[in-house]
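Chemist: Please see the structure below; I have some questions.
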Amino acid sequence: MAGMAAPGTRGRGNMPVEGLEVEISEDRTTAYISYTPPEGGSDVGLDLNVVLADIESRFRIQGINHDLLQSLLDAYNSSGEIFEHVEIASTGKPMVPGKNAWLEWCIETEPQIEEDSQGRVDFYSFSALKNVNANQLIARVHPPEPGSDGLAVTGEPMPAVPVTDIAYAPGENVEYDETNHEFFSKIAGRVEVKGTVISVLRLFEVAGDVDFSVGNVQFDGLVKVRGNIKDNFNIAATDGVEVDGVIEGAHVKSNRNVVAMGGINLREKGSINCE
């Protein structure tokens, strides 16, 4: 029967042991051994020293369990029992990746579309405005968390990938708490981010028309509209409303002046209220 001869002849010298394979785990910390006799091979046994030399020269595995390996070879040499995917070394240390610094928004940053009790969407109430109150928490910086280096079962170091930091800064009307890495608004207004600077402004500017892409606007400050205010939309601002275009059949309310450079055309559909 193949595999029942005296050990010590297969794979002598620097020749690899035919049929012997070693697999390394994906995280490179554990090694597994398999052996399948080659077809037509000579009927010889497996010697521990020869197998160890082959593993170390071809695969450079460290910390091999000699006793376990010897028992596998003895079982093969005595009864022809082959072995497959048996763990023979687990001396590696996994590399633990770190985490880059990141900014957590503590306010709603995506436009919200609300449904009524019947599940119908009120597109007029859609708003892209990010309003905050005075002393409200805006954002929090999570500092980077360095990873830890690992060691492969082959003895090779596995350095953790360097982590990156971020450098957000407080702008106008924003206070930064260095202890907790948090940004707070000093006033009620609109959050604006330019580059890495976070500010809160008492000015909300609409680049075009107030329509379904903007929704109704309620703002504690001045609202400037570069286009028109379309029918059926509502604008409420504490510090005035300035419109480059036309106020159509909309409802506009302010504690201060309402100015429409292009005119007012309510058509008995809208209203203007200056308190």
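Count along the sequence shown starting at 1, add 2, and that's the number in our numbering.
We put the beta carbon where it would ideally sit given N, CA and C, even for glycine.
How should Asp201 be labelled, buried or exposed, when 16 other C-beta atoms within 10 angstroms of its C-beta is the threshold for buried?
Modeler: Sequence check: residue 201 is Ser here, not Asp. Flag for Ser201 reads buried.
Chemist: Whether or not the segment 205-219 and the segment 143-161 are in contact is what I'm after, with contact meaning three or more pairs of Cβ atoms, one per stretch, closer than 8 Å; do they touch?
Modeler: The answer is no - the segment 205-219 does not touch the segment 143-161, with fewer than three Cβ pairs under 8 Å.
Chemist: Among the candidates Cys108, Lys95 and Ala33, whose CA atom is the shortest distance from the CA of Glu86?
Modeler: The candidate whose alpha carbon is nearest that of Glu86 is Ala33.
Chemist: Using only the alpha-carbon positions, how far apart do Arg228 and Asn182 sit?
Modeler: When rounded, the distance between both Cα atoms is 39 Å.
Chemist: Is the segment 217-234 touching the segment 153-160 in the sense that three or more CB pairs, one from each, lie closer than 8 Å?
Modeler: They do not touch, by the three-pair rule.
Chemist: Ignore the nearest five residues each way along the sequence and tell me which others in Gln138's own chain have a CB closer than 6 Å to its CB.
Modeler: The answer, listed in chain order, is Ser187.
Chemist: Using a Cβ distance threshold of 8 Å, determine whether the segment 245-252 contacts the segment 266-275, with at least three qualifying pairs required.
Modeler: Yes, the segment 245-252 touches the segment 266-275.
Chemist: Mind reading off the beta-carbon distance from Val212 to Ile189? Whole number of angstroms is fine, and I expect it under 8 Å.
Modeler: About 23 Å; that fails the 8 Å criterion.
Chemist: What distance in whole Å lies between the Cβ atoms of Gly242 and Gly191, which are believed to be in contact at a cut-off of 8 Å?
Modeler: Not quite, the Cβ-Cβ distance comes to about 14 Å (not below 8 Å), so this is no contact.
Chemist: Determine the direct distance from the alpha carbon of Cys276 to that of Trp104, and round the result to whole angstroms.
Modeler: Those two C-alpha atoms are separated by around 44 Å.
Chemist: Which two residues bound the contiguous beta strand (DSSP E) that contains Ser273?
Modeler: Looking at the DSSP string, the run of the beta strand (DSSP E) that includes Ser273 is Ser273 to Cys276.
Chemist: Where do the ends of the alpha helix (DSSP H) carrying Ala209 lie?
Modeler: Run containing Ala209: none; DSSP gives neither H nor E here.
Chemist: Keeping to the same chain, check which residues put their C-beta closer than 6 Å to that of Glu23; ignore five residues upstream and five downstream.
Modeler: Excluding residues within five positions, the ones whose Cβ falls inside 6 Å are Ser36.
Chemist: Report all residues from its chain with a CB closer than 8 Å to the CB of Thr198; omit the five preceding and five following residues, and keep chain order.
Modeler: Closer than 8 Å at the Cβ level, and outside the excluded window around Thr198, lie Ile168, Ala169, Tyr170 and Ala171.
Chemist: Using DSSP's beta-bridge definition, name the partner residues of Tyr34.
Modeler: Bridge partners of Tyr34: Glu25 and Glu89.
Chemist: If we call anything under 8 Å between Cβ atoms a contact, is Arg30 one with Ala162?
Modeler: Result no, Cβ atoms of Arg30 and Ala162 do not sit closer than 8 Å.
Chemist: As a quick exercise: from Asp76, Glu89 and Ile84, pick the residue whose alpha carbon is nearest that of Gln64.
Modeler: Here the closest residue by C-alpha is Glu89.
Chemist: Taking Asn79 as part of the beta strand (DSSP E), name the residues at either end of that continuous run.
Modeler: Segment His68 to Ser81 is the alpha helix (DSSP H) holding Asn79; no beta strand (DSSP E) there.
Chemist: Distance, Cα to Cα, His68 vs Leu74?
Modeler: Using only the alpha carbons, I get a separation of about 10 Å.
Chemist: Report the rounded CA-to-CA distance for Leu50 versus Asn102, giving the unit in angstroms.
Modeler: Going by the C-alpha atoms only, they are around 47 Å apart.
Chemist: Work out the CA separation of Asp151 and Val225 for me, nearest whole Å.
Modeler: Those two C-alpha atoms are separated by around 54 Å.
Chemist: With C-beta atoms as the reference, is Val52 less than 8 Å away from Leu71?
Modeler: Result no, Cβ atoms of Val52 and Leu71 do not sit closer than 8 Å.
Chemist: According to DSSP, what are the bridge partners of Arg192?
Modeler: Per DSSP, Asn133 and Leu203.
Chemist: On the DSSP letters alone, give me the boundaries of the alpha helix (DSSP H) that Val53 sits inside.
Modeler: Unbroken alpha helix (DSSP H) run through Val53: Leu50 to Arg60.
Chemist: Can you check whether the CB of Cys108 is closer than 8 Å to the CB of Ile57?
Modeler: No, these two residues do not count as a Cβ contact at 8 Å.
Chemist: So Ser187 is in the beta strand (DSSP E); what residue range does that whole segment cover?
Modeler: Glu184 to Ser187 is the span of the beta strand (DSSP E), which, as asked, contains Ser187.
Chemist: Compare the C-alpha of Asn135 against each of Glu110, Asn259 and Gly149 and name the closest.
Modeler: Considering only alpha carbons, the answer is Glu110.
Chemist: Within a Cβ cutoff of 6 Å, which residues of the same chain sit near Ile26, ignoring the five residues on either side of it in sequence?
Modeler: Result list for Ile26: Ala33, in chain order.
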